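Chemist: Before I ask anything, here is the structure I am working with.
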Amino acid sequence: MQVKHLLLIAILALTAACSSKEVVDENLSEVELYQQAQTDLDNNSYTAATAKLKALESRYPFGRYADQAQLELIYANYKNAEPEAAKSAAERFIRLHPQHPNVDYAYYLKGLTSFDQDVGLLSRFLPLDMTKRDPGAARDSYNEFAQLTSRFPNSRYSPDAKQRMIYLRNLLAAYEIHVADYYLTRQAYVAAANRGRYVVENFQETPSVGDGLAVMTEAYQRLHLDDLAATSLETLKLNYPNHPSLVDGQFKPSVDEADNRSWLSKATLGLIESRPPLPPGETRANQDVQKQFQDAKDAIPNDLKPKDADGDVIEEEEHESEANSEDRSWFSYMTFGVFD
């Protein structure tokens with residue numbers, strides 16, 4: 001309980017510190033503002049540094065420290081755990097100074113802000129699986145680092161950005177596999193197969209490609225698409241012979257086949273089957289529609305059914321053959337063939 005209390009106190013103190021408004025002396029010169037902002041940054045007083053950097057930019061927009069203040073404002077917001085403010089400051093600097101010698105730093109901090117956005121206070125102390133969380137910030141970070149490495153391949157920040165992109169790519173691929181596994185458990189086999197194929201096609205050279213092939217194999221087997229299942233399995237065996245889904249060379253599904261029997265069948269251990277199992281490709285809804293149609297047809301009185309010359313009721317097959325032998329029915333003539 002003491003740890004929880006301390007954590008709560010720390011959160012409240014941090015919130016109060018962030019919400020407090022720094023008062024900046026109006027008589028400070030440009031140099032004094034910049035020096036005090038640097039001192040605050042060195043002392044990790046990011047809220048105070050942010051206030052002074054904003055004041056410096058607004059009071060001396062054309063001064064010699066204006067551009068540098070905009071850059072360091074990105075860093076101060078980033079360190080102060082204000083990701084949206086940091087992104088906004090970075091985008092503003094890139095828009096105003098696209099040819100600045102240090103514009104690559106703005107791109108890097110923008111990607112770094114998205115990279116750390118998912119790493120909140122809880123994830124620092126709890127063993128959370130980042131591959132199961134919303135990948136929005138990770139995808140944004142990957143795209144922002146990709147802009148940096150493509151526009152400034154020789155930047156000193158590019159090597160670190162490339163390493164982070166590898167991590168983010170593996171993270172995004174693993175997230176797709178988690179979604180595919182969820183679809184398998186929900187018997188959404190088409191969606192699972194599509195997710196697995198997406199990983200195989202778009203995340204090559206990631207550890208999740210083997211998992212994508214395994215998902216495709218399992219989903220195609222459930223859908224009775226034997227050719228596609230065999231192709232996926234052969235590719236899995238050839239490229240990932242040690243994959244966990246392969247046991248002694250045989251494929252082992254990760255999810256047991258769902259038991260779609262009724263509760264009565266399960267309670268009686270199958271002695272009383274309420275409805276027979278469905279054949280491949282058939283659905284309960286389709287069977288219900290066919291049954292309703294057959295019941296409605298059987299309920300038609302014999303007086304209303306078509307008869308032959310002797311007055312006997314014509315069976316369905318015979319009636320259909322006679323109808324097909326005629327070029328057009330009287331109904332077709334009356335409706336000018338609109339309903340043919």
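Heads up: the sequence shown begins at 1 in full-length UniProt numbering, then just goes up one per residue.
For every residue, glycine included, the Cβ atom is placed at its ideal position computed from N, Cα and C.
From a predicted model like this one, the values you see are computed outputs, not experimental measurements.
(1) Could you tell me the distance, in whole angstroms, from the CA atom of residue 85 to the CA atom of residue 34?
(2) Measuring straight from C-alpha to C-alpha, what distance separates residue 139 and residue 196?
(3) Can you tell me whether residue 62 is helix, strand or coil according to DSSP?
(4) Let me check understanding here. Comparing Cα to Cα, which of 254, 220 and 237 lies closest to residue 248?
(5) Please determine, among 42, 174 and 107, the residue with the shortest C-alpha to C-alpha distance to residue 79.
(6) By a C-beta neighbour count over all protein chains shown, 10 Å radius and 16 as the cutoff for buried, is residue 205 buried or exposed?
(7) What residues match up with residue 246 in a beta bridge as DSSP calls it?
(8) Does DSSP put residue 232 in a helix, a strand or coil?
(9) Are at least three pairs of beta-carbons, each pair with one atom in the segment 147–165 and one in the segment 185–200, less than 8 Å apart?
(10) Based on Cα-Cα distance, which residue from 215, 30, 99 and 203 lies nearest to residue 56?
(11) Let me know the secondary structure DSSP gives residue 256 once reduced to three states.
(12) Specify the secondary structure class of residue 86 as computed by DSSP and reduced to three states.
(13) Judging by CA-CA distance, which residue of 141, 114 and 184 is the nearest neighbour of residue 255?
(14) Report yes or no: do three or more beta-carbon pairs, one from the segment 140–148 and one from the segment 187–195, lie closer than 8 Å?
(15) Nearest-angstrom Cα distance between residue 105 and residue 32?
(16) In angstroms, rounded to a whole number, what distance separates the CA positions of residue 65 and residue 38?
(17) Sort 191, 209 and 151 by Cα distance to residue 171 and report the nearest one.
(18) Take residue 117 as the anchor and find which of 94, 103 and 142 has the nearest alpha-carbon.
(19) Measure the alpha-carbon distance for residue 221 versus residue 239 and round it to whole angstroms.
(20) Going straight from the alpha carbon of residue 67 to that of residue 112, what length do you get?
Modeler: Short version:
(1) When rounded, the distance between both Cα atoms is 20 Å.
(2) 18 Å
(3) coil
(4) 237
(5) 42
(6) With fewer than 16 Cβ atoms within 10 Å of its Cβ, residue 205 is classed as exposed.
(7) 251
(8) helix
(9) At 8 Å Cβ cutoff, the stretches do not touch.
(10) 30
(11) coil
(12) helix
(13) 184
(14) no
(15) 25 Å
(16) Approximately 12 Å, taken between the alpha carbons.
(17) 209
(18) For the residues 94, 103 and 142, the minimum Cα distance to residue 117 belongs to 142.
(19) 20 Å
(20) 20 Å
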